[in-house]
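Here's the structure we're looking at; comments come further down.
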Amino acid sequence: MIVYVLCFILFLVGLYGLITRRNLIKIVISLSIMEFSIFIFLVLIGYIDGGIAPIITEQVINPTYVDPLPQAMVLTAIVIGLATTAMLMAIAIRLYRKYKTFDIREIKNLKG
Amino acid sequence: MNSLIPLFIIIPLATAFIIPIIGKLTNYFAKTITPIILLALCFLSISLLLGSKNESYVIGGWQPVNDIPIGIYLVLDGFSKLILCIISIIGFLVSFYSISYISKYTSENNFYALFCLMIAGMNGVVLSGDIFNIFVFLEISVIASYALVAFGVGKNELEASFKYQVLGNIASFLILFSIALLYWQTKTLNIADISDVLQTHDSSPFLLFTQILLITGFGLKAAIIPFHAWLPDAHSSAPSPVSAMLSGVLIKAIGVYVIVRLFFNMFVFTYEIGLVLTALGTLSMIVGALLAINQWDIKRLLAYSSISQIGYIILGFGIGIMVLAKGGKESIAVLAIAGSLFHMVNHSVFKGLLFLSAGAIEYRTNTRDMNQLGGLSENMPITSATSMGASMSISGIPPFNGFFSKLIIIIAAVQAKFYLLALLAVIVSIITLAYFLKFQKSVFYGKNKNFKDAKEVPFAMSFTMIVLAILCIGLSVLAIPSVRELILDPAVNSLINLDEYINLVIKY
């Protein structure tokens, strides 16, 4: 149970950073932290106490395997997370070239 | 297995990767291949819509083991056929329009590659029968749309894209989290299988939490009102063909479609969820319209009006769920859902047309500010006439399609005894008329101050707008009962008959 709580705390750390930080790069980092807390949660739900990696061999008798599906999901989600982070960083760098700052208080052309 | 379904994903995905390679050799490859493949998908989807065959396809041919589906399923039923049709038709027209419009930007190849990627993602979301697969395709289409919003790489475009990405990422996390919770509870990812498991479950607080997370996540993608902050910026900053695509198709295909699919075909109907959806729908309908009145940027006004119209669609589905959950008359629920589907089709046509007209105005005058425009009806007769048609249609003037779909939703609300909602829907329709009259008056009528020598737009652009304007009137035929039975009723049936969807995937 304590692991789930720690995982939720990691999510809250990311959310806190997202809300309070004013720097574009720090916002991206906070989003990554939130994302990874969810990945950890996904791996946790597939874990079975005392389970081993689901590789079928003949040496182990009556094995308990952990659920492999969440692991496959996490691998896919990490790749997607890489793409979104790269996209965010690319836009942040472009924004820096236009505005000469990473501060979101200076970047406010659009409103209303 | 001779199925045509995977073509909807494979063709645009392959084109997206071929364009940057071959596009380097010849200049005309990208702008000819994109409309051609989308036209082909148009014919394919229309032929599927008219044929009444529903089918499912297993990627890689992984057949069920002990009646438990283990492969990734692509499911084609009435509802997904209708949305596929919308995506292909609007996608084709917009890509044809882009031939002229995008030529003013550099790196056209990248535009068409991203456009095809977005279409592939949306088709994938619509066809997928597996919630994790929905997430994957959804990310493909939204990452392409993030890049397309920032395509102009000006100050505004980049800022809008960053905002859109931050909110879009939060939505994706919520969706992934709720998928994890659902998997934890049901130990399966297949929608039909989850629905089968949930039939025997009692509704628990845990399940309610998952449902609320899903509504929040997909509500952010669909820009329902408390989650709408990204939409006006993103839609007004993107190049006009992209705004037409985002507003006309993307928010429906990855937002409304998934909400409706999950809450009709996966979860058991509960009155509370119907209430939440109806309240959110009503709120976006009213607040979107009120926020739109005060806008002087053409595309920003259209973006707020999109929020308001999405409200109508969600409202209809909400009424449908509430009536079904209370065990009311099924005919009322059918009417409400059919009205919503009809409005979904109509909205993608007229909002696509309005954004394309805004693009045509911007193409000739380089401004979107209504204070500077005026009197363009003499200079640009085709743009003026078509956007007049679309404005009439969106505000619900009788011969146009918007009138009939709104009428059906309002009649359903009255029959279900939600008199207040019906009254609000009528009032919002009048407010819509008010701000579109303002748009028409300040752009096309009045005195032409600054742009006396503006010309009509090139052929590709005007042709697209004329086709969409004809569709605006032509789609009114869907209100005729026999046509409705052919096109809308299969979609409604696949939504309210739970067994039909489950039998399509798990064939006992």
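So the protein lines, in turn, are chains W and D.
FYI, the numbering for the first sequence is 68 to 179, going by my numbering.
FYI, the numbering for the second sequence is 2 to 509, going by my numbering.
Quick reminder that beta carbons are idealized off the backbone N, C-alpha and C, glycines included.
This structure is a prediction, so every number in the text was calculated from the model and none was measured.
> For chain D, is any of its Cβ atoms less than 8 Å away from the one on residue 169 of chain W?
Replying inline: Interface with chain D (8 Å Cβ-Cβ cutoff): residue 169 of chain W is excluded.
> With 16 other CB atoms within 10 Å as the buried threshold, where does residue 83 of chain W fall?
Replying inline: Exposed: under 16 other Cβ atoms inside 10 Å.
> Can you give the beta carbon distance from residue 462 of chain D to residue 101 of chain D, rounded, assuming they're within the 8 Å contact cut?
Replying inline: That belief holds up - the Cβ atoms of residue 462 of chain D and residue 101 of chain D are roughly 5 Å apart, short of 8 Å.
> How do the region 265-278 of chain D and the region 421-437 of chain D stand: do at least 3 beta-carbon pairs fall below 8 Å, yes or no?
Replying inline: By the Cβ rule, the region 265-278 of chain D does not count as touching the region 421-437 of chain D, because fewer than three pairs are nearer than 8 Å.
> For residue 85 of chain D, does the three-state DSSP call read helix, strand or coil?
Replying inline: If DSSP states are grouped into helix, strand and coil, residue 85 of chain D belongs with the helices.
>> Using the three-state DSSP reduction, which class does residue 60 of chain D fall into: helix, strand or coil?
In response: DSSP, read as helix, strand or coil, puts residue 60 of chain D in strand.
> So, are the CB atoms of residue 39 of chain D and residue 144 of chain D less than 8 Å apart?
Replying inline: Cβ atoms of residue 39 of chain D and residue 144 of chain D: not closer than 8 Å.
>> Within the continuous alpha helix (DSSP H) that includes residue 305 of chain D, where are the two ends?
In response: For residue 305 of chain D, the enclosing alpha helix (DSSP H) stretches over residues 299-326.
>> With a threshold of 8 Å, are at least 3 pairs of Cβ atoms found where one atom belongs to the region 301-313 of chain D and the other to the region 222-239 of chain D?
In response: With a cut-off of 8 Å, the region 222-239 of chain D and the region 301-313 of chain D count as touching, because enough Cβ pairs lie within range.
> Is any beta-carbon of chain D found at less than 8 Å from that of residue 173 of chain W?
Replying inline: So, not an interface residue.
>> Does any residue of chain C have a CB that is nearer than 8 Å to the CB of residue 234 of chain D?
In response: The structure shown contains no chain C; the protein chains it does contain are W and D.
>> So the candidates are D/93, D/35, D/181 and D/63; which of them puts its Cα closest to the Cα of residue 110 of chain D?
In response: A check of alpha carbon separations from residue 110 of chain D across D/93, D/35, D/181 and D/63 identifies D/35 as the nearest.
>> Which residues in chain W have a C-beta closer than 9 Å to the C-beta of residue 144 of chain D? List them in chain order.
In response: Chain W residues near residue 144 of chain D: 147, 150, 151 and 154.
>> Under DSSP, the alpha helix (DSSP H) around residue 136 of chain W begins and ends at which residues?
In response: Counting along the chain, the alpha helix (DSSP H) containing residue 136 of chain W begins and ends at 135-166.
>> According to DSSP, is residue 583 of chain D part of a helix, a strand, or is it coil?
In response: Here chain D comprises residues numbered 2 to 509, so residue 583 of chain D is not present and cannot be evaluated.
> Taking all protein chains shown into account, do 16 or more other C-beta atoms lie within 10 angstroms of the C-beta of residue 132 of chain W, making it buried, or fewer, making it exposed?
Replying inline: So residue 132 of chain W counts as exposed.
>> So for residue 96 of chain D, helix, strand or coil by DSSP?
In response: DSSP places residue 96 of chain D in helix when its eight states are reduced to three.
> When the cut-off is 8 Å and only beta carbons count, does residue 142 of chain W lie next to chain D?
Replying inline: Not an interface residue.
> Cα-Cα, which of D/366, D/183, D/15 and D/130 is closest to residue 533 of chain D?
Replying inline: Since the displayed chain D opens at 2 and closes at 509, residue 533 of chain D lies outside it and no answer follows.
> I think residue 172 of chain W touches residue 89 of chain W, with their Cβ atoms under 8 Å apart; what is that distance to the nearest whole Å?
Replying inline: With a Cβ gap of about 6 Å, residue 172 of chain W and residue 89 of chain W count as contacting.
> On the premise that residue 243 of chain D lies in contact with residue 152 of chain D, defined as a C-beta separation below 8 Å, what is that separation, rounded to the nearest angstrom?
Replying inline: The beta carbons of residue 152 of chain D and residue 243 of chain D sit about 7 Å from each other, so the pair counts as a contact at 8 Å.
>> On the DSSP letters alone, give me the boundaries of the alpha helix (DSSP H) that residue 135 of chain D sits inside.
In response: 132-150 is the extent of the alpha helix (DSSP H) around residue 135 of chain D.
> By DSSP, does residue 71 of chain W sit in helix, in strand, or in coil?
Replying inline: Helix.
> When burial is assigned at 16 or more other CB atoms within 10 Å of the CB, is residue 189 of chain W buried or exposed?
Replying inline: For chain W, the structure presents residues 68 to 179; residue 189 of chain W sits outside this window and is missing.
> Can you name, in chain order, every residue of its own chain whose Cβ lies under 7 Å from the Cβ of residue 191 of chain D, other than the five neighbours on each side?
Replying inline: 70, 74, 130, 131 and 506, listed in sequence order.
> Whose CA, out of W/99, W/148, W/153 and W/120, lies closest to the CA of residue 78 of chain W?
Replying inline: Of the listed residues, the one whose Cα sits closest to residue 78 of chain W is W/99.
> Cβ of residue 137 of chain D less than 8 Å from any chain W Cβ?
Replying inline: Judged by the 8 Å Cβ criterion, residue 137 of chain D is in contact with chain W.
> Does residue 185 of chain D get closer than 8 Å to chain W when you measure Cβ to Cβ?
Replying inline: For residue 185 of chain D, the answer is yes, since a Cβ of chain W falls inside 8 Å of its Cβ.
> Do residue 129 of chain W and the ligand SAH come close, with the Cβ less than 7 Å from some heavy atom?
Replying inline: Within the structure as shown, the ligand SAH is missing, as the structure has no ligands at all.
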